[in-house]
Ligand SMILES: Cc1cc2nc3c(=O)[nH]c(=O)nc-3n(C[C@H](O)[C@H](O)[C@H](O)COP(=O)(O)OP(=O)(O)OC[C@H]3O[C@@H](n4cnc5c(N)ncnc54)[C@H](O)[C@@H]3O)c2cc1C
Ligand SMILES: Cc1cc2nc3c(=O)[nH]c(=O)nc-3n(C[C@H](O)[C@H](O)[C@H](O)COP(=O)(O)O)c2cc1C
Ligand code: FES
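Put into structure tokens, the structure is as follows:
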């Protein structure tokens, strides 16, 4: 883990209100794994005070990539960064996806900007794995499909692909999927993950979910990010024990 | 060797420099040591311990506020026994002063924790947290009652030879009355301040942003309050003070010492810059060098009013 003063190379708007940022951050880039995140200080002042957590979207050489949605002040400031600005990045944090094990097909389920960790995951997967992706968004303009393969789409308003949520879309296809051993990798808003979780628990699917919650430190010292566990009577910490968990391990 | 003598003595507790990391903002030292060299600090204060483990409050526990944050962690901790077994082995080798913070829900529990922990040589002093705003057992808020603070101080001091620092609540009208009580009962120092009670609501759902409804406010937003409380104690009571609240850089640390602190603790800043402590020590050295200050302790309470 490092605190690195990274130099911004580019920030571009890739969909409505959604930005792709790249920064030169060789130390973090050299050790990061798919599913890990970084905690980024967006301003040099005490306002906003806390760092903002973002999944590592991809890594190319010494460069880190992030995709983010403009949400409040922090992401607004981040979207206004320009080439050669410095960015204080702490990372890589958390445990990332577990790609090892016995499965033939990687099933990616992403809601909205839940696509963030998957470019990197796809690159990290062994070549012998097949891949199918299910991507959900609120509406056509908000679709961010970066590097996913064999994609089926769902939009809440039906403006593109299946009308409805991405878990309903997945449910329609599980019969087909079940012909091979598969593992689901999922990221997205909590209600979506919750629905997916109950589907996976009911059917005993192998599934890893990446979770978001409010954080301060991002590395285990503030105890600000607890999540109820099915296995342990104590809370787990999303930043340190996660953000990726087995779908049957935590209560959403 | 530094040309500046950074060492300080806080009520009998000798520290190599006045920069400590505050309870609840360093865990038990292991995670933050990946980002900073703890041996360069004056010391660390571990997360509040209770006799038995505490699960802590349900989420959401934290929320950012203007230049600050609210927390209601609820004193989640592993308990005295697990601390001794699992955390002391690491803490033995950090090469800085270890202060153990205790939070309990009864006077007996404070005494019991101190009795057990005092046998561990690695622990050099105790900080007694009588001021956590997020836990109220049996409707009792120790930190708001001078007589309870008096009693806790007396009973805890009776079971250990190690220095006792009582951590005071700012959520009272006259903090100096509490410091007086601590001194009268033989406490070696006070630390101030713990967090201020605050809240924050979502205007669309009209619900509180943290589950506990209220939380403790910390960070740069509380620095002026912390300075005023430390100054009030300094001007009214002759007891060493550890200044806490909103310190982000060496200038804040100097300011805290000028109004009366013998040493300082860093809290929220650790979440943003886990190496802040080391940077502040370096800043203090250059401040002293540039002003030909030989001993850092000279600046404590050096305000000109
Ligand atoms: C592990 C992890 C990975 C993430 N990855 C991405 C990503 O790749 N792309 C992306 O767009 N977003 C991601 N998020 C969410 C992102 O952190 C928030 O959108 C961002 O913090 C909002 O900051 P703001 O100042 O714009 O919003 P504000 O609402 O002004 O923020 C106020 C406070 O709430 C916190 N907060 C608000 N929304 C969230 C949220 N959804 N999750 C956690 N904290 C929140 C902020 O950190 C801040 O402390 C991730 C969150 C986590 C925990
Ligand atoms: C997340 C968090 C947890 C804390 N936990 C404790 C605790 O367990 N015991 C304690 O005495 N103080 C605790 N504190 C209070 C700090 O030690 C410190 O007094 C306070 O945050 C003010 O300093 P700051 O503004 O530098 O953060 C906590 C503070 C924060 C932000
Ligand atoms: S965000 Fe601080 S412990 Fe997880």
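Residue numbers (the working numbering), protein chains in the order written: chain A, 1 to 252; chain B, 1 to 305.
Ideal Cβ positions, reconstructed from N, Cα and C, are used throughout, including at glycine.
Handout entry: Residue from 6(B), 51(B), 43(B), 77(B) with nearest C-alpha to residue 234(A)
Key = 77(B)
Handout entry: Extent of the continuous alpha helix (DSSP H) to which residue 183(A) belongs
Key = From DSSP, residue 183(A) is part of no alpha helix (DSSP H) but of the beta strand (DSSP E) over 182–187.
Practice task
For residue 76(B), go through chain A and note every residue whose CB falls closer than 9 Å to its CB, in chain order.
Solution key: 223, 226, 234, 235
Practice task
Please confirm if residue 47(A) has its CB atom under 8 Å from at least one CB of chain B.
Solution key: yes
Exercise for the section: Tell me whether residue 189(B) is buried or exposed, calling it buried when 16 or more other Cβ atoms sit within 10 Å of its Cβ. Expected result: buried
Handout entry: Where the alpha helix (DSSP H) through residue 286(B) begins and ends
Key = 276–290
Practice task
Taking only runs that begin and end inside the region 94–169 of chain A, name each unbroken beta strand (DSSP E) of 3 or more residues, in chain order.
Solution key: 105–111, 130–137, 151–155
Exercise for the section: Pick out the complete alpha helix (DSSP H) segments inside the region 86–134 of chain B, 4 residues or longer, and give them in chain order. Expected result: 88–91, 107–117
Problem - Contact between the region 11–23 of chain B and the region 257–272 of chain B (3+ Cβ pairs under 8 Å) - result: yes
Practice task
Spell out whether any CB of chain B is found under 8 Å from the CB atom of residue 41(A).
Solution key: yes
Practice task
Kindly examine ligand 2 and report whether one of its heavy atoms sits closer than 7 Å to the Cβ of residue 71(B).
Solution key: yes
Handout entry: Any residue whose CB is nearer than 7 Å to a heavy atom belonging to ligand 3, listed in chain order
Key = 215(A), 216(A), 217(A), 218(A), 219(A), 220(A), 221(A), 222(A), 223(A), 224(A), 225(A), 237(A), 238(A), 239(A), 240(A), 271(B)
Problem - C-beta contact flag for residue 85(B) and residue 124(B) at 8 Å - result: no
Problem - Straight-line gap, residue 61(A) to residue 116(A) (C-alpha atoms, nearest Å) - result: 18 Å
Exercise for the section: Could you list which residues in chain B have their beta carbon closer than 8 Å to that of residue 3(A), in chain order? Expected result: 35, 273, 274, 275
Practice task
Confirm, please, whether the CB-CB distance from residue 101(B) to residue 23(B) is below 8 Å.
Solution key: yes
Practice task
Kindly list, in the order they appear in chain B, the residues whose Cβ is closer than 8 Å to that of residue 220(A).
Solution key: 27, 31
Exercise for the section: Give me the Cα-Cα distance between residue 324(A) and residue 123(A), rounded to the nearest whole angstrom. Expected result: Look at the range of chain A in this structure, 1 to 252, and you will see that residue 324(A) is not part of it.
Practice task
Just mark residue 297(B) as buried or exposed, buried being the case when its beta carbon has 16 or more other beta carbons within 10 Å.
Solution key: buried
Practice task
Kindly list, in the order they appear in chain B, the residues whose Cβ is closer than 7 Å to that of residue 51(A).
Solution key: 272
Practice task
Using the Cα positions of residue 247(B) and residue 68(A), report the straight-line distance between them to the nearest angstrom.
Solution key: 31 Å
Exercise for the section: Pull up the DSSP beta-bridge partners for residue 24(A), would you. Expected result: 7(A), 63(A)
Exercise for the section: Going by CA-CA distance only, name the one from 110(A), 155(A), 229(A), 126(A) that's closest to residue 133(A). Expected result: 110(A)
Handout entry: C-alpha gap between residue 296(A) and residue 244(A), whole angstroms
Key = Because chain A in this structure spans residues 1 to 252, residue 296(A) falls outside the shown range and cannot be described.
Handout entry: Element boundaries [beta strand (DSSP E), containing residue 64(B)]
Key = 62–65
Exercise for the section: Compare the C-beta of residue 32(A) with all C-beta atoms of chain B and state if any pair is closer than 8 Å. Expected result: no
Exercise for the section: Alpha carbon to alpha carbon, how far is residue 186(A) from residue 226(A)? Give it in angstroms, no decimals. Expected result: 20 Å
Handout entry: Own chain, CB closer than 6 Å to residue 101(A), minus 5 neighbours either side, in chain order
Key = none
Problem - For residue 109(B) and residue 138(B), the rounded distance between their alpha carbons - result: Residue placement at residue 138(B) cannot be trusted, given a pLDDT of 47 that sits under 50; what the coordinates show is reported in the next sentence. Cα to Cα, residue 138(B) sits roughly 14 Å from residue 109(B).
Problem - Selection from 57(A), 70(A), 66(A) that minimises the alpha carbon distance to residue 17(A) - result: 70(A)
Handout entry: Per-residue burial, residue 175(A) [other beta carbons within 10 Å of its own, 16 or more giving buried]
Key = exposed
Exercise for the section: Report the residue from 9(A), 224(A), 12(A), 210(A) whose alpha carbon sits nearest the alpha carbon of residue 121(A). Expected result: 210(A)
Exercise for the section: Report the option in 38(B), 180(B), 28(B) whose CA atom is closest to the CA atom of residue 277(B). Expected result: 38(B)
Handout entry: chain B contacts from the region 105–120 of chain A (Cβ-Cβ distance under 9 Å)
Key = none
Practice task
Look up residue 229(A) in the DSSP assignment and say whether it is helix, strand or coil.
Solution key: strand
Practice task
Output, in chain order, the set of chain A residues within a Cβ distance shorter than 8 Å of residue 60(B).
Solution key: 213, 214
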